[in-house]
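Counting from 1129, one number per residue, gives the positions in the first sequence under our numbering.
Here a beta-carbon is modelled for each residue, glycine too, at the ideal position from N, C-alpha and C.
Worksheet for the structure shown next.
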Amino acid sequence: MLKIYNTLTRKIEEFQTLEPNLVKMYVCGVTVYNDAHVGHAMSALVFDVIRRYLEYRGYTVKYVMNYTDVDDKIINRAKQLGEDPLALSKRYIEDYARDLQNLNVLPATSNPQVSKTIPLIIQFIEGLIQKGHAYAASNGDVYFRVTSDDDYGRLSGRKLDDMQAGARIEIGEAKDHPMDFALWKSAKEGEISWESPWGHGRPGWHIECSAMNLAELGEQIDIHGGGNDLIFPHHENEIAQSECYTGREFSRYWIHNGMLQLGGEKMSKSLGNIISIKELLSQREADVMRMLVLNGTYRAPLMFNDETLDAAQKNVERLKSGFRAAPLSAKGLAPEAASALVSAAESAKANFIEAMDNDFNTAGAVAALFESVKAINTARDNGATAAQLKPAQVIFRELANVLGLKLEEKQGSGDADAFINLLIEVRGEVRKQKLWATSDLIRDRLNELGVAIEDSKDGTTWKWN
RNA sequence: GGCGUCGUCGCCAAGUGGUAAGGCAAGGGUCUGCAAAACCCUUAUUCGCGGGUUCGAAUCUCGCCGACGCCUCCA
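See the structure below:
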């Protein structure tokens, strides 16, 4: 039985879907005006693993991740670059999609965009006004009336009275209540805008997600995800809008990932301490970033630095060792030992599922993977043939896939293989003659070129580092 | 100040009332000409501190200390 921590109730709850075997899941995507950073990667990876696991458990997952392509920051950046805002956001949408692909994140079922949801957003706002939950101000803005929603503050655990102290009203805003938030913003001169009953303008941030949710998944969804920095005000406001509009419970489960910590601080655009996904992937395999995330708790802050990345890289290397081939000359395992290997793999699988069922305990799941590796490597050391390793490796691969780990040995171009094999062969001859200095020279020089040599009783093998 | 998360081996980290998973690092060993890789063994009587509940607590409860996040755009 899958159990999930629900931010809304602050409890671990049994997971039950609205419709049998179908999970409707919405995850807040990014505002596309710049390169996505490793913090975005963490969030994307967390929800990718959740999605993969739900599918592994037999659910069909409708996975929606939006792009915010209309926003102040986009408009400002476009102005700076002298570019059309929608052209700019289109570039970064394509860019982010590539980043996600490079991180081995499965594509969403759909990626709605604000700019393509405007009519529904307007309709949504009109509905809220009709029901008395929103009002058009004199300046052309439309605001949500927070006092009209008795439940306002329920996700973040805040009371309206407590919130007022910190709230501030920007100059030019015409709110009835300081916490009222914009559903529609009137356009400034020369800004991108759409025609609406309230004049030219564009949607506020929060209404976009409510509208795209409705468009893609309907009135009620199973899981809403995002970073925990979105709990307030973004998700709070989404709940207010959606539930006031439809009169029904919006999302059953709210899942929030913790923030990536860079040098002890949260990484964010406003702090400027950013490492882009592209920078990271130019130095590390996608599996390394994924392992970093998997080895922690998705809800907790995650330390991102060279040390934690190195540790993650070693974990990845170790897991890869489980897929190494058996030597051709392997003499084979006794039947009991071979079946013990299969039981070990199946037991690891059971532990894996148990861990993942417990609020996606990926660290526990990774530990189960290490169990598999150990069993496989021990069997190989004891002389298991390729055929005997196979069943355990198949299970191991299945579990690695659920976590989205590729665990591929690095491939060279292929062109060099013949020459490397030749050098290995020559080295073999030299070793027969006990010319160790020459043999070690070849090994060292190949190592410098990224080729790792491994001698064993059964001959010499090599791989790219 | 308000809301929330969290403090477990040198480091990362699981554990959700029944007597401390896993990885890295470290030490010893097997294999090897020597390495590397892999394998085997060792490494927390103890879970921030102090009370309480219980036959029994890292796990529940109270207090304290400390870290972090949100309360303004943010994954």
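Checklist entry - Any chance the CB of residue 1144 is under 7 Å from a heavy atom of the ligand ADP? => result Among the components of this structure there are no ligands whatsoever, and the ligand ADP is therefore not found.
Next on the checklist: Taking the beta carbon of residue 1229 as the centre, do at least 16 other beta carbons fall within 10 Å, making it buried, or is it exposed?
Outcome noted: Sequence index remark: in the first sequence, residue 1229 carries index 101 (1-based). Burial call: exposed.
Item to check | Given residue 1429 as reference, the closest of 1355, 1202 and 1513 once Cα atoms are compared | outcome: In the first sequence, counting from the first residue as 1, residue 1429 sits at position 301. For residue 1429, the nearest C-alpha among the options comes from 1355.
Next on the checklist: Tell me which residues share the same chain as residue 1249 and place their Cβ nearer than 7 Å to its Cβ, disregarding the 5 neighbours each side in the sequence.
Outcome noted: Reading the first sequence from its first residue, position 121 is the one you call residue 1249. So the list reads 1331, 1335, 1336 and 1339, once near-sequence residues are dropped.
Checklist entry - Where do the N-terminal and C-terminal ends of the beta strand (DSSP E) with residue 1331 fall, by residue? => result Residue mapping note: residue 1331 aligns to position 203 of the first sequence, counting from 1. It spans 1329-1331 - the beta strand (DSSP E) in which residue 1331 sits, taken as one unbroken run.
Item to check | Neighbourhood of residue 1586 by C-beta distance below 6 Å, restricted to the same chain and skipping five residues each side | outcome: Taking the first residue of the first sequence as 1, we reach residue 1586 at position 458. Cβ within range, chain order: 1455 and 1457.
Item to check | Span of the beta strand (DSSP E), counted from its first residue to its last, around residue 1185 | outcome: What you label residue 1185 is simply residue 57 of the first sequence in a count that begins at 1. Run containing residue 1185: none; DSSP gives neither H nor E here.
Item to check | Neighbour-count burial assignment, residue 1226, 16 or more Cβ in a 10 Å radius | outcome: On the first sequence, residue 1226 is found 98 positions in, with the first residue counted as 1. Classification of residue 1226: exposed, given that the 10 Å Cβ count is below 16.
Checklist entry - Taking the alpha-carbon positions, what's the residue 1506 to residue 1514 distance? => result Sequence index remark: in the first sequence, residue 1506 carries index 378 (1-based). Sequence index remark: in the first sequence, residue 1514 carries index 386 (1-based). Each residue's Cα considered, the two are about 13 Å apart.
Next on the checklist: Residues in the same chain with beta-carbon distance under 6 Å from residue 1157, minus the five sequence neighbours each way, listed in chain order, please.
Outcome noted: Numbered from its first residue, the first sequence carries residue 1157 at position 29. These residues qualify, in order along the chain: 1193, 1194 and 1195.
Checklist entry - Between 1564, 1284 and 1548, which lies nearest to residue 1591 when the distance is taken from Cα to Cα? => result Position 463 of the first sequence holds residue 1591. The candidate whose alpha carbon is nearest that of residue 1591 is 1548.
Checklist entry - Can you name, in chain order, every residue of its own chain whose Cβ lies under 6 Å from the Cβ of residue 1492, other than the five neighbours on each side? => result Numbered from its first residue, the first sequence carries residue 1492 at position 364. For residue 1492, where only same-chain residues beyond five positions count, the Cβ hits under 6 Å are 1483.
Item to check | Helix, strand or coil at residue 1524 [DSSP, three-state] | outcome: Against the first sequence, residue 1524 aligns to sequence position 396. Correct three-state label for residue 1524: helix.
Item to check | Complete runs of the beta strand (DSSP E) confined to the segment 1345-1384 [at least 3 residues] | outcome: 1349-1355
Item to check | Ranges of the alpha helix (DSSP H) found wholly within the segment 1444-1497, counting only runs of at least 4 | outcome: 1463-1485
Next on the checklist: Using only the alpha-carbon positions, how far apart do residue 1314 and residue 1268 sit?
Outcome noted: Position 186 of the first sequence, counted from the first residue, corresponds to residue 1314. Position 140 of the first sequence, counted from the first residue, corresponds to residue 1268. Going by the C-alpha atoms only, they are around 5 Å apart.
Checklist entry - What's the call for residue 1471, buried or exposed, on a 16-neighbour Cβ count within 10 Å? => result Position 343 of the first sequence, counting from 1, holds the residue named residue 1471. Residue 1471 is exposed by the Cβ-count criterion.
Next on the checklist: So, at 6 Å on beta carbons, what are the nonlocal neighbours of residue 1578 in its own chain, with the 5 sequence-adjacent residues on each side left out?
Outcome noted: Taking the first sequence and counting its residues from 1, the one referred to as residue 1578 is at position 450. Taken in chain order, the residues that qualify are 1592 and 1593.
Checklist entry - Would DSSP call residue 1591 helix, strand or coil? => result Within the first sequence, residue 1591 is the residue found at index 463, counting from 1. If DSSP states are grouped into helix, strand and coil, residue 1591 belongs with the strands.
Checklist entry - Which runs of the beta strand (DSSP E), 3 residues or longer, sit entirely within the segment 1244-1306? => result 1262-1264 and 1270-1272
Next on the checklist: Please classify residue 1385 as buried or exposed, where buried requires at least 16 other C-beta atoms within 10 Å of its C-beta.
Outcome noted: Numbered from 1 along the first sequence, position 257 holds the residue referred to as residue 1385. So residue 1385 counts as buried.
Next on the checklist: Using a Cβ distance threshold of 8 Å, determine whether the segment 1541-1560 contacts the segment 1416-1433, with at least three qualifying pairs required.
Outcome noted: no
Next on the checklist: Can you find the residues in the same chain that come closer than 7 Å, C-beta to C-beta, to residue 1345, ignoring five residues on each side of it along the sequence?
Outcome noted: Sequence index remark: in the first sequence, residue 1345 carries index 217 (1-based). The residues are 1152, 1154, 1190 and 1192.
Checklist entry - So the beta strand (DSSP E) residue 1547 belongs to, where does it begin and stop? => result What you label residue 1547 is simply residue 419 of the first sequence in a count that begins at 1. No beta strand (DSSP E) contains residue 1547, which is instead part of the alpha helix (DSSP H) from 1545-1560.
Item to check | DSSP three-state assignment for residue 1134, whether helix, strand or coil | outcome: Position 6 of the first sequence, counting from 1, holds the residue named residue 1134. DSSP places residue 1134 in strand when its eight states are reduced to three.
Checklist entry - In three-state DSSP terms, what is residue 1175? => result Residue mapping note: residue 1175 aligns to position 47 of the first sequence, counting from 1. DSSP places residue 1175 in helix when its eight states are reduced to three.
Checklist entry - Residue range of the beta strand (DSSP E) that residue 1222 falls in? => result If you number the first sequence from 1, residue 1222 lands on position 94. Unbroken run through residue 1222 is the alpha helix (DSSP H), 1213-1230; no beta strand (DSSP E).
Item to check | Three-state class that DSSP yields for residue 1201 in the structure shown | outcome: Position 73 of the first sequence, counted from the first residue, corresponds to residue 1201. In this structure, residue 1201 counts as helix in the three-state DSSP scheme.
Next on the checklist: The beta strand (DSSP E) that contains residue 1140, what's its start and end?
Outcome noted: Taking the first residue of the first sequence as position 1, residue 1140 is located at position 12. Start and end: 1139-1142.
Next on the checklist: How far does the alpha helix (DSSP H) with residue 1129 in it extend, from its first residue to its last?
Outcome noted: The sequence position of residue 1129 within the first sequence is 1, counting from 1. Segment: none, residue 1129 is in no alpha helix (DSSP H) and carries neither H nor E.
Checklist entry - Does DSSP put residue 1565 in a helix, in a strand, or in coil? => result Here the question's residue 1565 lines up with position 437 in the first sequence. In this structure, residue 1565 counts as helix in the three-state DSSP scheme.
Next on the checklist: Within 8 Å, do at least three Cβ pairs link the segment 1535-1542 to the segment 1421-1428?
Outcome noted: no
Checklist entry - Would a C-beta distance cut-off of 8 Å place residue 1382 and residue 1362 closer than the cut-off? => result As a first step, residue 1382 is located in the first sequence; it is residue number 254 there, counting from the start. As a first step, residue 1362 is located in the first sequence; it is residue number 234 there, counting from the start. No. Outside cutoff.
Item to check | Under the three-state DSSP convention, the category residue 1311 falls into | outcome: Residue mapping note: residue 1311 aligns to position 183 of the first sequence, counting from 1. Looking at residue 1311 - three-state DSSP - the assignment turns out to be strand.
Next on the checklist: I'd like to confirm the pairing. Which residues does DSSP put opposite residue 1421 in its beta bridges?
Outcome noted: Residue mapping note: residue 1421 aligns to position 293 of the first sequence, counting from 1. Partner(s): none; residue 1421 has no beta bridge.
Item to check | Secondary structure of residue 1196, DSSP reduced to three states | outcome: Mapped onto the first sequence, residue 1196 falls at position 68. Note: residue 1196 maps to strand in three-state DSSP.
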